[in-house]
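Okay, structure first, notes after.
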């Protein structure tokens with residue numbers, strides 16, 4: 003008997019790949035993202051989830067709303083699933099960050115680096131793992147959908163795999179994809195990673 007955690011990344015938005023949005027308010031899904039979210043909700047319905055939790059950031063909440071409409075579950079805000087706090091980098095264009103030595107260190111020494119005035123990936127990993135463990139305790143035999151963000155999902159998967167955060171660049175987490183962890187007392191495993199959805 004195990005808890006299944008479906009880690010879903012939020013769907014696409016207009017700033018994707020251009021701006022480090024972080025916890026910026028008002029970043030809404032675009033037409034492609036809304037289609038992705040609807041398809042994601044339809045696919046997850048077949049897995050019969052018993053709970054739906056979401057990062058409080060708007061693009062995650064919008065994705066969770068589409069899943070809620072499909073599954074009939076109420077989307078519950080969950081701070082453990084929140085995006086990394088990127089501090090002074092929040093809202094910066096990736097092109098402008100390219101020459102920043104601190105940004106380079108963030109991408110090459112992820113286990114140690116921290117955004118200026120923000121949160122380290124290690125801190126983000128600690129909170130998402132604590133959140134997953136609470137989900138396991140509350141739903142020991144059920145399936146939970148957890149809508150979050152790429153780096154936060156990566157942190158959870160690296161924890162399950164027993165890898166350091168330096169391995170974060172070895173796999174991708176695409177918009178509207180799901181990655182799934184099964185947990186039981188004393189153990190766990192990854193069932194799949196970065197399973198995509200077609201809008």
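In my numbering, the protein residues as written are 3 to 201.
Ideal Cβ positions, reconstructed from N, Cα and C, are used throughout, including at glycine.
What is the DSSP secondary structure of residue i, reduced to helix, strand or coil?
{"i": "residue 137", "result": "helix"}
{"i": "residue 195", "result": "strand"}
{"i": "residue 201", "result": "Low confidence applies here, because residue 201 scores a pLDDT of 44, under 50, leaving its location unreliable; read the following figure in that light. Residue state, collapsed to three classes: coil."}
{"i": "residue 202", "result": "Residue 202 falls outside the range modelled here, since the chain spans only 3 to 201, and no answer is possible."}
{"i": "residue 50", "result": "coil"}
{"i": "residue 43", "result": "helix"}
{"i": "residue 11", "result": "strand"}
{"i": "residue 89", "result": "helix"}
{"i": "residue 114", "result": "coil"}
Cα-Cα, which of the options is closest to residue i?
{"i": "residue 81", "options": "132, 52, 23", "result": "132"}
{"i": "residue 52", "options": "189, 144, 8", "result": "144"}
{"i": "residue 78", "options": "172, 162, 149", "result": "149"}
{"i": "residue 46", "options": "191, 125, 168, 11", "result": "11"}
{"i": "residue 56", "options": "68, 94, 141", "result": "68"}
{"i": "residue 87", "options": "14, 124, 107, 6", "result": "124"}
{"i": "residue 73", "options": "64, 54, 89", "result": "54"}
Which residue or residues does DSSP assign as beta-bridge partners of residue i?
{"i": "residue 95", "result": "21"}
{"i": "residue 145", "result": "6"}
{"i": "residue 78", "result": "55"}
{"i": "residue 106", "result": "Bridge partners of residue 106: none, in fact."}
{"i": "residue 61", "result": "Answer by DSSP bridge pairing: none, since residue 61 is not bridged."}
With a cut-off of 8 Å, do at least 3 Cβ pairs link the stretch 47-66 to the stretch 116-130?
-> The stretch 47-66, when compared against the stretch 116-130, does not touch it at the 8 Å Cβ threshold.
Does the stretch 23-38 come close enough to the stretch 174-188 to have 3 or more Cβ pairs within less than 8 Å?
-> Under the three-pair Cβ rule at 8 Å, the stretch 23-38 counts as touching the stretch 174-188.
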